[in-house]
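Encoded as structure tokens, the structure appears first; notes follow it.
In our numbering, the protein residues as written are 92 to 376.
Here it is, written out as structure tokens:
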């Protein structure tokens, strides 16, 4: 399944209007302060689990590529098998580990050993399930999803790299780091280069990573019991609530999360069109 160009055009127009309003009016500060609540339970939930679509996407993609490899015994087969197992295991452990990390984000002693063990155990269970999936299904099932897997990997790398580069370039202080509107900096006020994490507010990495769930629409046609419009609604709600959670907790301003959402959404449109370009040409012949 793909998303229409009309959707992206409307989204782009909305972005332009929002950035213009936030540049002319102090709403970015006033609205962010108005919903600030560092003890919000629902916001903490998204703080913990909001980024799962990124790591889960890497896990799904590596599993698909592992399952699609040619089973003829050769040097290439063994190399791909080892690499596949290593990356599947890595992302299987990272996926449950990151939510636990955020629980103890500001704890003086760091993550307790028992919770690290729990994360590893959960990760091993996830790895076993994914590995079993590759054994149970025919190779053709995974071959048919190879391009989707490539999109997930490229999109994930693009999101992580672009967001972190922009954070360093912008050098914007986080909402929780300022005391008044006098210390507030509008989204267009760029002051490179930031090293301190408290000056890496723009754009929101959490939000961009969470919006990776939007890319999962590529697989909806293969899951008959999920209606596409329901999933799109769920993905957008996940992204929006994940973005709002970052503002509620004081980690970002509204423009930080808005731009982050668009980085992922438009990145997906661009990467998907590039990867599937050859397939579209073949369909036209």
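Note that CB positions come from ideal geometry on N, CA and C, so glycine has one too.
For the pair residue 149 and residue 211, the CB atoms are not nearer than the 8 angstroms cut-off. Scanning its chain for C-beta atoms nearer than 6 angstroms, with the 5 sequence neighbours on each side dropped, one finds around residue 233 the residues 155, 158 and 159, in chain order. By the C-beta criterion, the stretch 179-198 is judged to be in contact with the stretch 208-228, since at least 3 inter-stretch pairs fall below 8 angstroms.
Look at residue 340 here: in three-state DSSP terms it is coil, with no helix or strand label.
Three or more beta-carbon pairs separated by less than 8 angstroms are not found between the stretch 244-256 and the stretch 268-283, which leaves the two stretches without contact. With fewer than 16 other CB atoms across the displayed protein chains lying within 10 angstroms of its CB, residue 165 is exposed. Residue environment: residue 261 is assigned as buried (16 or more neighbouring CB atoms within 10 Å of its CB, all protein chains considered). Residue 305 and residue 258 do not touch by the CB rule: their CB atoms are close to 21 angstroms apart, not below 8 angstroms.
Of the candidates 220, 161, 143 and 171, the residue whose Cα lies closest to the Cα of residue 191 is 143. Under the DSSP assignment, residue 282 falls outside any alpha helix (DSSP H); it carries neither an H nor an E label. Counting along the chain, residue 231 sits inside the alpha helix (DSSP H) bounded by residues 230-234. Residue 286 is not a Cβ neighbour of residue 354, given a cutoff of 8 angstroms.
For residue 205 and residue 188, the gap between their C-alpha atoms comes out near 12 angstroms. Comparing alpha carbon positions, the residue from 145, 193, 198 and 99 closest to residue 251 is 145. Rounded to the nearest whole angstrom, the CA to CA distance from residue 114 to residue 224 is 50 angstroms. Using a Cβ distance threshold of 8 angstroms, residue 361 and residue 110 do not count as a contacting pair. Per DSSP, the unbroken alpha helix (DSSP H) holding residue 144 starts and ends at 143-159.
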